[in-house]
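Colleague:
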Amino acid sequence: RVRVVTGARVRVVTGGRVSVVTGARVSVVTGARVSVVARARVRVVAGARVSVVARARVRVVTGARARVVTGARVRVVTGARVRVVNGARVRVVTGARVRVVTGARVSVVTGARVRVVTGAGVSVVTGARVRVVTGARVSVVTGARVRVVTGARVRVVTGARARIVNGARVRVVTGARVSVVTGARVRVVTGARVSVVTGARARVVTGARARIVNGARFRVVTGARVRVVTGARVSVVTGARARVVTGARVRVVTGARVRVVTGARVRVVTGARVSVVTGARVSVVTGARARVVTVARFRFVTGARVSGWG
Numbered sequence: 232r233v234r235v236v237t238g239a240r241v242r243v244v245t246g247g248r249v250s251v252v253t254g255a256r257v258s259v260v261t262g263a264r265v266s267v268v269a270r271a272r273v274r275v276v277a278g279a280r281v282s283v284v285a286r287a288r289v290r291v292v293t294g295a296r297a298r299v300v301t302g303a304r305v306r307v308v309t310g311a312r313v314r315v316v317n318g319a320r321v322r323v324v325t326g327a328r329v330r331v332v333t334g335a336r337v338s339v340v341t342g343a344r345v346r347v348v349t350g351a352g353v354s355v356v357t358g359a360r361v362r363v364v365t366g367a368r369v370s371v372v373t374g375a376r377v378r379v380v381t382g383a384r385v386r387v388v389t390g391a392r393a394r395i396v397n398g399a400r401v402r403v404v405t406g407a408r409v410s411v412v413t414g415a416r417v418r419v420v421t422g423a424r425v426s427v428v429t430g431a432r433a434r435v436v437t438g439a440r441a442r443i444v445n446g447a448r449f450r451v452v453t454g455a456r457v458r459v460v461t462g463a464r465v466s467v468v469t470g471a472r473a474r475v476v477t478g479a480r481v482r483v484v485t486g487a488r489v490r491v492v493t494g495a496r497v498r499v500v501t502g503a504r505v506s507v508v509t510g511a512r513v514s515v516v517t518g519a520r521a522r523v524v525t526v527a528r529f530r531f532v533t534g535a536r537v538s539g540w541g
């Protein structure tokens with residue numbers, strides 16, 4: 232079923248192919264514009280529903296492939312702009328719900344691959360900008376919920392891989408900026424909730440690997456390897472290796488190696504090696520080695536080697 236009403240414009244040119252099969256419903260209403268050009272392929276199959284309404288603009292160009300299958304629901308409304316160009320592949324399958332509303336801009340370009348599967352819900356609303364470029368791979372699977380709202384900017388570029396699985400909830404709101412660049416790998420798994428709010432800037436760059444589970448909040452840059460679990464708040468920069476668990480608050484810079492557990496608050500800089508457990512508060516600088524346990528409070532500087540316990 233294809234419905235085109237109320238001044239809508241549908242344009243298919245230059246060898247474009249549009250296939251609508253197997254009980255699919257495509258509705259283009261209220262002045263919407265749909266342009267499929269330059270060898271692009273659009274396939275809507277297996278009971279999928281695609282709705283483009285209220286002055287929305289959808290453009291699929293230059294050999295891009297867009298596939299909506301298996302009962303998926305895609306809704307583009309209220310002046311939103313969706314652009315899929317330059318051989319990008321977009322696949323929405325298995326009952327997933329994708330909603331783009333209220334003037335949002337979604338751009339998928341330059342051979343990027345975007346896959347939304349298995350009942351995932353993706354909502355991009357309120358003037359948000361989402362850009363996926365340069366061969367990036369984005370996979371949203373297994374009932375995950377992704378919401379980008381209120382003018383937020385999300386950019387995934389340069390071969391980055393982003394995977395959101397297992398019922399994770401990712402929310403980017405209130406002008407936040409999230410940039411994943413330069414081959415970074417980001418995995419958000421196991422019911423984690425990641426919230427980037429109120430103008431926050433989160434950047435994962437330069438081949439960094441980040442795993443975020445169980446409600447952690449974090450910033451990871453410059454090739455750092457980090458595991459952050461159980462509500463920790465962390466900033467890790469410049470190749471640091473850190474494991475931070477159980478609500479700790481930590482800043483780790485300049486190649487430090489740190490394990491911090493059980494609500495500790497720590498600042499560690501300049502190559503220090505530290506294990507801090509059980510609610511300790513510590514400042515460690517300049518190559519110090521320290522073990523601090525059981526609510527101790529210490530400050531270590533200039534290569535000190537210390538074992539402290541309360």
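Using this note's numbering, read the sequence shown as starting at 232 and increasing by one per residue.
We put the CB at the ideal spot given by N, CA and C, even for glycine.
Excluding the 5 residues flanking V273 on each side, which residues of the same chain have their C-beta closer than 6 Å to its C-beta?
Modeller: Position 42 of the sequence shown, counted from the start, is the residue given in the question as residue 273. The answer, listed in chain order, is V249, V267, V291 and A297.
Colleague: When you compare only the Cα positions, how much space is there between V345 and V337?
Modeller: For the purposes of this step, residue 345 is identified with residue 114 of the sequence shown, where counting begins at 1. For the purposes of this step, residue 337 is identified with residue 106 of the sequence shown, where counting begins at 1. Approximately 12 Å, taken between the alpha carbons.
Colleague: Quick one: Cα of R232 to Cα of S282, how far?
Modeller: As a first step, residue 232 is located in the sequence shown; it is residue number 1 there, counting from the start. As a first step, residue 282 is located in the sequence shown; it is residue number 51 there, counting from the start. The straight-line gap from Cα to Cα measures roughly 12 Å.
Colleague: Using three-state DSSP, classify R322 as helix, strand or coil.
Modeller: By 1-based counting over the sequence shown, the position of residue 322 is 91. Of the three classes helix, strand and coil, the one that applies to R322 here is strand, per DSSP.
Colleague: Mind checking whether V299 and V331 have CB atoms under 9 Å apart?
Modeller: For the purposes of this step, residue 299 is taken as the residue at position 68 of the sequence shown. For the purposes of this step, residue 331 is taken as the residue at position 100 of the sequence shown. No, Cβ-Cβ distance for V299 and V331 is not below 9 Å.
Colleague: Does DSSP classify R286 as helix, strand or coil?
Modeller: As a first step, residue 286 is located in the sequence shown; it is residue number 55 there, counting from the start. If DSSP states are grouped into helix, strand and coil, R286 belongs with coil.
Colleague: Between the Cα of R362 and those of R328, V257 and G382, spot the shortest distance and give me the residue it belongs to.
Modeller: Stepping through the sequence shown from its first residue, residue 362 is reached at position 131. The option with the nearest alpha carbon to R362 is G382.
Colleague: In angstroms, rounded to a whole number, what distance separates the CA positions of R368 and V385?
Modeller: For the purposes of this step, residue 368 is taken as the residue at position 137 of the sequence shown. For the purposes of this step, residue 385 is taken as the residue at position 154 of the sequence shown. Approximately 14 Å, taken between the alpha carbons.
Colleague: Using only the alpha-carbon positions, how far apart do R378 and S370 sit?
Modeller: As a working mapping, residue 378 is identified with position 147 in the sequence shown. As a working mapping, residue 370 is identified with position 139 in the sequence shown. Going from the Cα of R378 to the Cα of S370 covers about 14 Å.
Colleague: Look at V339 and V305 and say whether their C-beta atoms are less than 9 Å apart.
Modeller: Translated into positions along the sequence shown, residue 339 becomes position 108. Translated into positions along the sequence shown, residue 305 becomes position 74. Contact flag unset, no.
Colleague: Please report the straight-line C-alpha distance between A263 and R288, rounded to a whole angstrom.
Modeller: Stepping through the sequence shown from its first residue, residue 263 is reached at position 32. Stepping through the sequence shown from its first residue, residue 288 is reached at position 57. Each residue's alpha carbon lies about 6 Å from the other.
Colleague: Does the distance from the CB of V355 to the CB of R376 come in under 9 Å?
Modeller: As a first step, residue 355 is located in the sequence shown; it is residue number 124 there, counting from the start. As a first step, residue 376 is located in the sequence shown; it is residue number 145 there, counting from the start. Cβ atoms of V355 and R376: not closer than 9 Å.
Colleague: Relative to the C-alpha of R360, which residue among R314, V347, G342 and R320 is closest?
Modeller: What you label residue 360 is simply residue 129 of the sequence shown in a count that begins at 1. Per the Cα distances, R314.
Colleague: Taking only three categories from DSSP, how would you classify R232?
Modeller: Position 1 of the sequence shown, counted from the start, is the residue given in the question as residue 232. Three-state result, R232: coil.
Colleague: To the nearest angstrom, how far is the alpha carbon of V307 from that of G342?
Modeller: If you number the sequence shown from 1, residue 307 lands on position 76. If you number the sequence shown from 1, residue 342 lands on position 111. Roughly 22 Å between the two C-alpha positions.
Colleague: Could you check whether V275 and V243 sit closer than 9 Å to each other, using their CB atoms as the reference points?
Modeller: The sequence position of residue 243 within the sequence shown is 12, counting from 1. The sequence position of residue 275 within the sequence shown is 44, counting from 1. Going by C-beta atoms, V243 is not nearer than 9 Å to V275.
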